Structures are given as structure tokens and as C-alpha cells.
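Position 243 of the sequence shown, counting from 1, maps to 242 under numbering that gives the first Met the number 0, and the rest follow consecutively.
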Amino acid sequence: MLVTRFAPSPTGRLHLGHAYSALTAWRAARDAGGRFLLRIEDIDPTRCRPEYEAGILEDLAWLGLDWDGPVRRQSDHLDDYATAIEHMRARGLLYRCFRTRKEVAAVIGDAPHGPVEAVRPGPHVADEEARLLASDRPFAWRLSLDRAREALGEEAWAALSFSETGQGPNGETGRLAARPETAGDVIVARKDAGVAYHLAVTHDDALQGVTQVIRGEDLFEATHIQRLIQALMGWPAPTYRHHRLLSGPDGRRYAKRDRSVTLAELRGDGVTPEQVRTRIGL
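See below:
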């Protein structure tokens, strides 16, 4: 059975790009007689707001979307993510990183490697780590690509791949080699939320039985590191379908940070759901 999902973060109101992604995933599930899930990815306590979550539910209902089962809110399941993080830590896959963004940038600038492996600051030396722990300085847990490669073994690392049924930003489609090194040593747990995006999303896709991830092509590169996490944790790998991104009249893609026109604003101007679907080509 095909199982898709729409997983917005409640950091603002939905815009036309969100409508396109949600409708695309919803239609794929309904056309296949499958299931469509709604997940609220609200692990960022500094930006997520209850009123934005309420707005998401309102906007999706207005568009005529329904979903199967209860809404999963990631903030309700932090203990589940903590268990997964501890499992990775116990296997030696993670290291503490006490560096600020500025300090990480400095380490990257001094490193001999190129941009392909840009964000790999590496663990602190033992004495320094002990001193930082004793000072109660906050830290993040990073996934070590070196340790991950050792854990998988060279053969499994070389065979790591995913199925792309849509089209990546460079025209990629079909069975593609995963290149987790392009992401570097990603953060899997933060001091403020307890978990970071890559681990939370792969955990939930596995737990909820998602068989196809349908999302924008801006997340295509994230698939490489997420495929590695799935392999390390023994989680099933869904197929992926990355769709085109919608742009406004000015040619810029719709984004919250650019204050793109929202569905709520369109609704207030008298635009109908049918007109929205026509406008975005659905």
C-alpha cells in the first residue's frame, strides 16, 4: 500500500508552494487507494507556534484535504528520538560538538578538504572535551561520517542508494547512489530541541510506514544523509519523489522567509480552493 505524508513545520502560514506539495502527496495516495498522513514537525521551540499549527489544519481543510489517522506532532515524542540518539551514541556513531556556528565556520575554513565535505569539524580532543563538559557548556551531537562508514563497511557504504521516482534538480531519476559525504557530519541532536531534523524525519517515516516521500526538490540533497541514517538504524527506505518548486510572479520561489502570499490571505481575498488548484497546475 502506498503511504505518503505532508510534514510542515508550524513556523508560519502555508503558501502556494505548500499547497502544491500537500495536494501532490494527497492525490498520489488517494489515486493509489493508499494512505495520506499529516505530521507536524514542531521540534524547534523558538520558531514553532500553536497558532501556526491551527492555521495549517485550517488551510488544509479549506483545500479539501483529509488525512488518515491522528496528526503526529513531533514535540510529543521527544523521548522516542532520545532513545534513537542514545542507540547511535552507544555504537560510537556520534560525537559532542561544543563549537558555535562561528567556530565551526573557522574550523571549516582551516580544513584541507573541499566543499564536498565542508561541515566536518570533528570531535574535540579528550582533554578539551572534558574541560568543556565540566564547564557545562552546551553541545550538539553530530553524526561522524567516519564512524558511520566503519559501521556499515566499505561494501555497504559503496552500495548505499535510493529510488527517485520524480526528478532531482539536475535531472536525476531512477536508482541513485547516495552521497552522504555531501552533507558532512550533520547534527542529530540540539541542546534546545533534543533532536534535529534529519533524525526526526527518518525516525517518523519508518515508524509511520511511509512508503513514498513526496516533497520539493529543495530537499533532494537531504535524501543522501537520510538514506545513511536509515541504513545505520535498520529502518526501511521509502522511495522518493522530489517535485518542482513553485515561483511567484517575480520569479522567486515561494518561501516563508520571503513572506510569500499565504493561503489565508488568498482566502480572505475571495480566492476559492478550485482557483488555487488551477493556479498551481493541479
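Cβ coordinates follow ideal geometry from the N, Cα and C atoms, glycine included. Bear in mind the structure is a predicted one, so any value in this text is a computation, not a measurement.
- Distance from the CA atom of T277 to the CA atom of E163, rounded to whole angstroms, is 27 Å.
- When W66, W25, D58 are compared, the shortest CA-CA separation from A263 is found for D58.
- Looking at P44, R26, A28, T23, the one whose alpha-carbon comes closest to that of S8 is P44.
- Cβ-Cβ separation between T271 and H223: approximately 40 Å, too far for a contact (criterion under 8 Å).
- Secondary structure of W61 (DSSP, three-state): helix.
- If you ignore the 5 residues before and after F97, its C-beta comes within less than 6 Å of the C-beta of L131, R136, F138, all in its own chain and listed in chain order.
- With contacts defined by Cβ atoms closer than 8 Å, V185 and L142 form a contacting pair.
- Counted as a single uninterrupted DSSP element, the alpha helix (DSSP H) harbouring A205 occupies residues 196-206.
- Fully contained in the stretch 134-191 are the following beta strand (DSSP E) runs of length 3 or more, in chain order: 139-142, 160-163, 173-176, 186-188.
- For the set Q211, L231, E128, S160, the Cα lying nearest the Cα of R34 is the one of Q211.
- For S20, DSSP assigns no beta-bridge partner whatsoever.
- In the structure shown, the three-state DSSP call for V2 is strand.
- Burial check for S134: the Cβ neighbour count within 10 Å stays below 16, so the residue is exposed.
- In the DSSP assignment, L56 is bridged to no other residue.
- With a threshold of 16 other beta carbon atoms within 10 Å, G183 meets it and is buried.
- Considering only L218, L13, I55, the residue with the shortest C-alpha distance to W66 is I55.
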